[in-house]
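Chemist: Just passing along the structure, written as structure tokens.
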Amino acid sequence: MAKKSVYAALELADREVRLVVSEIFNGRSNVLRVERVSHDGIRNSKIRDENAVVKAIDTAVSQAQMALGYQIERVILAIPSVNVRPVNHKVHIEIEDGTHTIRRFHVQQGLKSAMSATNFENVEFVNVNQINYYIDGVKQDKIPLGVDSEAFDMEVDFLCADRKMIYSYVAAVEKAGLQILDIVLDAYGMAKETGTLSQSMDKPVILLDLEADHTTLAFVNQNKIGFTTILDRGYRSFIQGLREKYGLSETTCWRLLENLFDSREIDAKDVVIYIEQQEERRVEISQKELAEAILPNLRSWIADINAGCANILDSVQARYVLTGQGADIPVLKQYLHTFNAPASIYSVTTIGARSGANVTNLGLIYALMDSNKMQNKDITSVNNNELEESIESITRYAKDQEGGFTRKLKKAVLSTKE
């Protein structure tokens, strides 16, 4: 019988904590729970109020545990793509055990040798970016397990990030009572979920993660992350004027963004679409006012992206892929033609997690599965005994108790008999 493995992925995003719990069974992912809890403890990817972040993590995990019926003990943690530095190292592995056959142990040995030989000065190793294998100088298409050879070479690309930032994120998670199953760069997680890693073998991809306070740009080429950079401007800049003029809440402004579909102020109707009674005034916003307040800022953001990527596009033919929570803004689809390269929006198709906000966490789980195959291990996020007991209790209930719909269906069928 195939084993069910449950993984919990955690992202400390702009202004909210995001938790995705997913079950992997027969190689397929089934999202069990998604939790999103607001906080105000992170600015520009730096933890400013650790207590606020810890409290949000604890709330998200507690809500998920209550719904699932078992404890979440370990999480895969997303690390922001700030000050990312790719590090490359080559190692030579001799097969000295007399078998002349490449085994997983030899690959693990090569990975450890590459890590020990690399100087991670002022940065910390986050995750493996890419590994290339060579036998007699010939690049292999896949891990050469079982291949007869006396030696082989490995070229390992590591992704590293600022040590201080990593430690602060890990500390917040541990203070919430969780263990770290693994850490993965958020851009790498996005690239895994969107499929842009494999797609970049044909043409480079500029991955755009549009969040509340920032936009992450990741250049993906030849199946690896080339480099990343951060634009200190997110979708909150679209609604800043609206918030200041009308004194609206963050949640209200996001709802208005989700209901802006017309890309031209001149075509927007002068019809009131939002009414709010405040203490000293009554706020009425028409569709036209909404468009005039938001669209110039959105176009300005695209102009910033075009300017920032102009040098890249002068040297290579690349395309944009937009993701993140901001990718759920409907009107963005009408502006794709204004980017200075072909652009598309990645739509999450995973049932139970259909939002751009979940892209990173979904990718973290795939990244960990790859790592588990490399290390030949499968440590999950939950207590296996509790998981099995939960599954058994559900099975017993399903066997002993007929659900409400089943009873209604039987009653309807039996009542039609003569």
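Heads up, the numbering used here is the position in the sequence shown plus 82, with the first residue counted as 1. Ideal placement from N, C-alpha and C gives every residue a C-beta, glycine not left out. This one's a predicted model, so the numbers in the text were calculated from it and none came from an experiment.
If you count every other CB in all the chains shown that lies within 10 Å of the CB of residue 104, and 16 or more means buried, which is it?
Modeler: Residue 104 is buried by the Cβ-count criterion.
Chemist: Label residue 227 either buried or exposed according to how many other C-beta atoms from any shown protein chain fall within 10 Å of its C-beta, with 16 as the threshold for buried.
Modeler: With fewer than 16 other Cβ atoms within 10 Å, it is exposed.
Chemist: Tell whether a beta-carbon distance below 8 Å holds between residue 93 and residue 121.
Modeler: Contact flag unset, no.
Chemist: In terms of DSSP beta bridges, what is residue 378 paired with?
Modeler: Looking at the DSSP assignment, residue 378 forms no beta bridge with any residue, so it has no partner.
Chemist: Would you kindly report the start and end of the unbroken beta strand (DSSP E) that includes residue 217?
Modeler: Segment 205-217, the beta strand (DSSP E) holding residue 217.
Chemist: Do residue 373 and residue 350 have their C-beta atoms closer together than 8 Å?
Modeler: In contact: residue 373 and residue 350 (Cβ atoms closer than 8 Å).
Chemist: Indicate whether residue 319 and residue 413 have their beta-carbon atoms separated by less than 8 Å.
Modeler: No; because the gap between Cβ atoms is not below 8 Å, this pair is not in contact.
Chemist: Count the other C-beta atoms from every protein chain shown that fall within 10 angstroms of the C-beta of residue 301, then say buried if there are 16 or more, exposed otherwise.
Modeler: It counts as buried.
Chemist: Let me know the beta strand (DSSP E) ranges lying completely inside the segment 311-380, each 3 residues or longer, listed in chain order.
Modeler: Segments of the beta strand (DSSP E) lying fully in the segment 311-380: 354-359, 364-368.
Chemist: Among the residues of its own chain, which have a CB less than 6 Å from the CB of residue 216, if the five just before and after it don't count?
Modeler: Closer than 6 Å at the Cβ level, and outside the excluded window around residue 216, lie 235.
Chemist: Apart from the five residues on each side of it in sequence, which residues of its chain come closer than 8 Å, Cβ to Cβ, to residue 250?
Modeler: So the qualifying residues of the chain are 128, 129, 132.
Chemist: Evaluate contact between the segment 283-301 and the segment 452-466, counting only Cβ atoms and requiring at least three cross-stretch pairs below 8 Å.
Modeler: The segment 283-301 is not in contact with the segment 452-466.
Chemist: CA-CA distance, residue 445 and residue 273?
Modeler: Whole-angstrom Cα-Cα distance: 7 Å.
Chemist: Can you give me the start and stop residues for the alpha helix (DSSP H) that residue 177 sits inside?
Modeler: Here residue 177 belongs to no alpha helix (DSSP H), and DSSP marks it neither H nor E.
Chemist: Within a Cβ cutoff of 7 Å, which residues of the same chain sit near residue 186, ignoring the five residues on either side of it in sequence?
Modeler: Taken in chain order, the residues that qualify are 227, 458.
Chemist: Assuming contact is defined by CB atoms lying nearer than 8 Å, are residue 263 and residue 450 in contact in what I supplied?
Modeler: In contact: residue 263 and residue 450 (Cβ atoms closer than 8 Å).
Chemist: Tell me, please, which residues DSSP counts as bridged to residue 168.
Modeler: Answer by DSSP bridge pairing, in chain order: 241.
Chemist: Determine the DSSP secondary structure at residue 458, reduced to helix, strand or coil.
Modeler: Residue 458: coil per DSSP, three-state reduction.
Chemist: Quick one: Cα of residue 503 to Cα of residue 464, how far?
Modeler: What the structure shows of the chain is the stretch from 83 to 500, and residue 503 is not part of that stretch, so it cannot be assessed.
Chemist: Tell me whether residue 107 is buried or exposed, calling it buried when 16 or more other Cβ atoms sit within 10 Å of its Cβ.
Modeler: Classification of residue 107: exposed, given that the 10 Å Cβ count is below 16.
Chemist: Taking residue 158 as the reference, give the member of 198, 124, 271, 340 with the closest Cα.
Modeler: The option with the nearest alpha carbon to residue 158 is 271.
Chemist: Quick check on the burial criterion: 16 or more other C-beta atoms within 10 angstroms. Buried or exposed for residue 378?
Modeler: Exposed, because fewer than 16 other Cβ atoms sit within 10 Å of the Cβ of residue 378.
Chemist: State the beta-bridge partners of residue 117 as determined by DSSP.
Modeler: The partner list for residue 117 (beta bridge, DSSP) reads 101.
Chemist: For the alpha helix (DSSP H) containing residue 426, list its first residue and its last residue.
Modeler: Careful: residue 426 lies outside any alpha helix (DSSP H), inside the beta strand (DSSP E) at 425-427.
Chemist: Go ahead and label residue 316 buried or exposed: buried means 16 or more other beta carbons lie within 10 angstroms of its beta carbon, across all protein chains shown.
Modeler: It counts as buried.
Chemist: With distance defined between alpha-carbon atoms, name the residue in 150, 140, 213 nearest to residue 169.
Modeler: For residue 169, the nearest C-alpha among the options comes from 213.
Chemist: Whose CA, out of 280, 278, 314, lies closest to the CA of residue 292?
Modeler: Among 280, 278, 314, the Cα nearest to that of residue 292 belongs to 314.
Chemist: Can you tell me the Cα-Cα spacing of residue 195 and residue 146, whole angstroms?
Modeler: Approximately 39 Å, taken between the alpha carbons.
Chemist: Under 8 Å: do the segment 384-404 and the segment 242-258 share three or more Cβ pairs, one atom per stretch?
Modeler: No: the two stretches stay apart, fewer than three of their Cβ pairs being nearer than 8 Å.
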